[in-house]
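Worksheet: one structure, shown below.
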Ligand code: G6P
Ligand code: ZN
């Protein structure tokens with residue numbers, strides 16, 4: 001047998017975060033770092049023998065080499081079959097779809113999502129389970145536990161596989177099926193949305209820009225938006241995946257997608273603009289002259305989803321992460337369906353989707369998706385918006401204004417303080433935490449605090465409990481402050497401050513969110529003593 005067993009020792013710090021294991025690329029490429037983690041995945045799931053996996057990534061630096069290592073390890077661990085995207089490319093939602101479509105046992109996705117790629121940038125490995133979704137905490141904990149005990153890993157000493165063209169090959173006794181990364185995903189989208197109606201809108205002069213940020217959605221967006229829906233060539237910008245994302249930070253938000261933002265706010269702006277992240281699961285939505293906050297986008301999609309064929313039967317329920325604005329809760333109330341509040345991290349939606357409790361889910365972190373896969377899905381959100389625009393025949397700005405008139409406006413913003421000293425950030429959260437019991441009933445910035453707690457979640461399906469998911473402070477007028485430390489960073493700590501205030505009066509729906517939220521922002525700084533604790537009073541990213 002060409003399988004070779006290598007001795008190894010545990011490596012510190014192989015603990016998956018909000019979304020898989022993410023580290024600087026040189027950490028992953030160092031000696032057997034990747035091998036240890038992959039073997040720990042196989043060991044933690046009861047071995048790979050006889051199993052089928054899906055494999056692919058967002059094309060960042062080391063994607064291709066890591067894929068070869070994983071194929072050789074899967075073969076040496078006795079896997080029956082691996083379905084892998086051509087050139088080892090798969091967007092995260094497409095990988096999720098392929099796992100479900102092929103009834104695979106799981107999948108390995110190579111990505112650090114929206115973090116930059118390159119020899120000195122970030123890399124990541126994420127394991128998804130048979131439902132197509134990110135491994136739940138019990139599984140990631142088992143993987144981490146295994147990384148601390150590992151003594152050997154197995155790898156085939158063959159040359160690997162040519163992933164340059166589609167078709168079946170074998171690697172030792174394992175079948176490797178190289179697939180077109182786009183085809184099955186595009187077919188799924190055609191089944192959910194009214195492509196004819198969208199085509200008609202486009203034929204009528206509708207214009208759009210899609211920024212793929214030199215990352216994995218380029219081929220998907222080009223095939224779907226340009227080839228199938230008939231938008232002109234060039235609609236997709238930065239459409240070829242590059243190992244270093246062409247130097248871009250592929251995070252679709254107003255800060256990192258500045259070029260697209262400027263275009264959409266300019267005189268020549270097209271009707272619609274959108275962007276997706278490194279691995280294709282995030283989205284940003286823009287109209288001519290208007291930015292749609294992810295929380296509002298979720299609420300609008302939930303209120304209008306029935307206009308798309310895939311959702312015409314209505315929604316079973318909706319779910320949002322705790323820091324996401326409560327705008328979608330108002331929609332759920334009007335629709336008479338349940339709204340679930342989960343911790344940050346798409347994995348928490350998996351059980352709700354599997355149990356048929358929620359159809360559409362979303363997060364303030366530019367993620368929206370539905371039960372069609374078990375990941376958030378950037379292009380899905382873009383296509384649902386296009387379907388809604390086509391049916392309603394209104395602009396993005398008109399749809400938003402209508403939405404706020406009907407439901408009121410939840411002014412919302414997130415302030416990020418990045419690259420903080422980890423100890424200082426943890427100390428700040430610790431002290432704030434200690435203050436929580438004393439805050440209720442006190443007044444700050446003229447607003448009385450109605451409740452203050454640290455969010456804990458009991459999964460309504462399996463009863464599992466997740467504690468310490470973020471501090472939330474609610475005021476009597478419904479305004480809300482949430483603070484938590486990011487679980488996806490790779491250097492230092494990032495403090496996320498989430499701010500929300502509800503405004504029912506349509507005459508006051510046209511304010512700049514930062515202005516509308518000014519008292520809430522001041523209250524947050526006073527409560528957490530942010531400047532004193534972390535030495536900064538200005539965020540470096542505002543979304
Ligand atoms: C990833 C996850 C999301 C999560 C986001 C923010 O994108 O897939 O579900 O909302 O990270 O995580 P963070 O811990 O950095 O706020
Ligand atoms: Zn992502």
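Residue numbers (the UniProt record's numbering): 1 to 543.
Backbone N, C-alpha and C define an ideal beta-carbon position, used for all residues, glycine too.
Worksheet item: Just how far apart, CA to CA, sit residue 213 and residue 281?
Response: 13 Å
Worksheet item: With respect to 6 Å, is the separation between the Cβ of residue 281 and the closest non-hydrogen atom of the ligand ZN below this value?
Response: yes
Practice prompt. Return helix, strand or coil for residue 43, following the three-state DSSP convention.
Written response: helix
Discussion item. Looking only at its chain, what residues have a beta carbon closer than 8 Å to the beta carbon of residue 420, apart from the 5 residues adjacent to it on each side?
Written reply: 492, 493, 494, 495, 534, 536
Worksheet item: Is the Cβ-Cβ distance between residue 475 and residue 447 less than 7 Å?
Response: yes
Discussion item. Going by the DSSP bridge assignment, what does residue 126 pair with across the sheet?
Written reply: 109
Worksheet item: Does DSSP put residue 509 in a helix, in a strand, or in coil?
Response: coil
Discussion item. For the pair the stretch 368-381 and the stretch 40-47, tell me if three or more CB-CB distances fall below 8 Å.
Written reply: no
Discussion item. Determine whether the beta carbon atoms of residue 396 and residue 259 lie at a separation below 7 Å.
Written reply: no
Fill in: DSSP state of residue 409 mapped onto helix, strand, coil
strand
Worksheet item: Does DSSP put residue 285 in a helix, a strand or coil?
Response: strand
Item to complete: Let me know the secondary structure DSSP gives residue 165 once reduced to three states.
Response: coil
Discussion item. Given the structure, does residue 487 come close to the ligand G6P, in the sense that its CB is under 6 Å from one of the ligand's heavy atoms?
Written reply: yes
Worksheet item: Between the stretch 243-257 and the stretch 198-210, do at least 3 Cβ pairs fall closer than 8 Å?
Response: no
Item to complete: Name the residue from 220, 242, 244 whose alpha carbon lies nearest to the alpha carbon of residue 236.
Response: 220
Worksheet item: Using CA coordinates, which residue listed in 406, 264, 131, 78 is at the minimum distance from residue 330?
Response: 406
Worksheet item: Per the contact definition of three or more C-beta pairs closer than 8 Å, is the stretch 68-75 in contact with the stretch 170-186?
Response: yes
Worksheet item: Looking at the structure shown, is residue 134 part of a helix, part of a strand, or coil, going by DSSP?
Response: strand
Practice prompt. Please report how far the alpha carbon of residue 273 lies from the alpha carbon of residue 434, in whole angstroms.
Written response: 44 Å
Discussion item. Helix, strand or coil for residue 6? Go by DSSP, reduced to three states.
Written reply: strand
Fill in: Near the ligand G6P: residue 492 beta-carbon under 6 Å from a heavy atom
no
Practice prompt. Say yes only if the C-beta of residue 114 is nearer than 6 Å to one or more non-hydrogen atoms of the ligand ZN, and no if none qualify.
Written response: yes
Worksheet item: So which of 307, 28, 261, 324 has the shortest CA-CA distance to residue 383?
Response: 307
Item to complete: For the alpha helix (DSSP H) containing residue 447, list its first residue and its last residue.
Response: Run containing residue 447: none in the alpha helix (DSSP H); it sits in the beta strand (DSSP E), 447-454.
Discussion item. Taking 7 Å as the threshold (C-beta atoms), are residue 363 and residue 324 in contact?
Written reply: yes
Worksheet item: Quick one, which of 478, 467, 445, 28 has its alpha-carbon nearest residue 410's?
Response: 478
Discussion item. Helix, strand or coil for residue 461? Go by DSSP, reduced to three states.
Written reply: coil
Discussion item. Run through the DSSP bridge pairs and tell me what residue 360 is partnered with.
Written reply: 318, 370
Discussion item. With H, G and I counted as helix, E and B as strand and the rest as coil, what does DSSP make of residue 99?
Written reply: helix
Practice prompt. List the endpoints of the continuous beta strand (DSSP E) containing residue 211.
Written response: 208-211
Item to complete: Would you list the one or two residues that DSSP bridges to residue 423?
Response: Beta-bridge pairing links residue 423 to no other residue.
Discussion item. Let's test the definition: count the other Cβ atoms within 10 Å of the Cβ of residue 232 and tell me whether it reaches 16, buried, or not, exposed.
Written reply: exposed
Worksheet entry | residue 174 - containing alpha helix (DSSP H), residue span | That residue, residue 174, is in no alpha helix (DSSP H); its beta strand (DSSP E) goes 174-179.
Discussion item. With the cut-off set at 7 Å, would you say residue 457 and residue 543 are in Cβ contact?
Written reply: no
Discussion item. In the DSSP output, what is residue 194 paired with across the bridge?
Written reply: The partner list for residue 194 (beta bridge, DSSP) is empty, contrary to what the question assumes.
Worksheet item: For residue 363, is the beta carbon positioned less than 6 Å from some heavy atom of the ligand G6P?
Response: yes
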